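Notes follow once the structure below has been shown.
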Amino acid sequence: MSNELKFEYEGMEVSVTYDPLTNKVKRTVTEFGMLIHNDELTFDKSLVASFDVMSSEEQAKIVTAWGSAGIKTRIEEGQLGSIKNA
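Going by our numbering, the first residue of the sequence shown is number 226, and it counts up by one from there.
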C-alpha cells in the first residue's frame with residue numbers, strides 16, 4: 226500500500242500524501258496543470274481507536290481517506306477551482 230492517493234475530482238487532479246514519521250498529510254490540487262492548492266495538515270491519531278496497533282497499510286488508508294475527504298468538501302463548496310456555470 227502506498228502512502229499516496231491520487232485521483233481526479235470534478236476536473237481537478239488531487240494528491241494526498243501521508244508521512245507516517247511525522248503524521249503529516251500533504252494535499253495538492255491542480256487544475257489544467259496549474260497548482261491551485263497546496264497545504265499540509267497533521268493527523269491526530271487519537272481520532273482512530275487502536276491506530277498505533279494497525280498495520281502501516283491500514284494506517285495509510287485511513288489517513289489518506291481523511292485527507293481526501295476534506296479536499297473533496299472544499300471543492301464541492303466552491304472553495305477551490307474554477308467557478309462552475311449552472
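Glycine included, every Cβ here is placed at the ideal spot set by N, Cα and C.
Note that the coordinates shown come from a computational prediction; the quantities given were computed from them, not determined experimentally.
Apply the 10 Å Cβ neighbour rule to residue i and answer buried if 16 or more other Cβ atoms are within range, or exposed otherwise.
| i | result |
| --- | --- |
| valine 254 | buried |
| alanine 290 | exposed |
| alanine 274 | exposed |
| valine 278 | exposed |
Is residue j closer than 8 Å to residue i when the C-beta atoms are compared?
| i | j | result |
| --- | --- | --- |
| leucine 230 | serine 280 | no |
| tyrosine 234 | isoleucine 300 | yes |
| methionine 237 | glutamate 256 | yes |
Ordered along the chain, which non-local residues of its own chain (more than five positions away) have a Cβ less than 7 Å from that of residue i?
| i | result |
| --- | --- |
| valine 288 | Tyr243, Val250 and Phe268 |
Counting only the same chain and skipping the five closest in sequence on each side, list residues whose C-beta sits under 8 Å from that of residue i.
| i | result |
| --- | --- |
| threonine 247 | Thr267 |
Cα separation between residue i and residue j?
| i | j | result |
| --- | --- | --- |
| threonine 298 | leucine 305 | 10 Å |
| leucine 260 | glutamate 302 | 19 Å |
| serine 271 | serine 227 | 22 Å |
| isoleucine 296 | arginine 252 | 8 Å |
| glutamate 282 | asparagine 263 | 24 Å |
| glutamine 284 | phenylalanine 232 | 19 Å |
| valine 241 | glycine 258 | 16 Å |
| valine 239 | proline 245 | 19 Å |
| lysine 286 | phenylalanine 276 | 11 Å |
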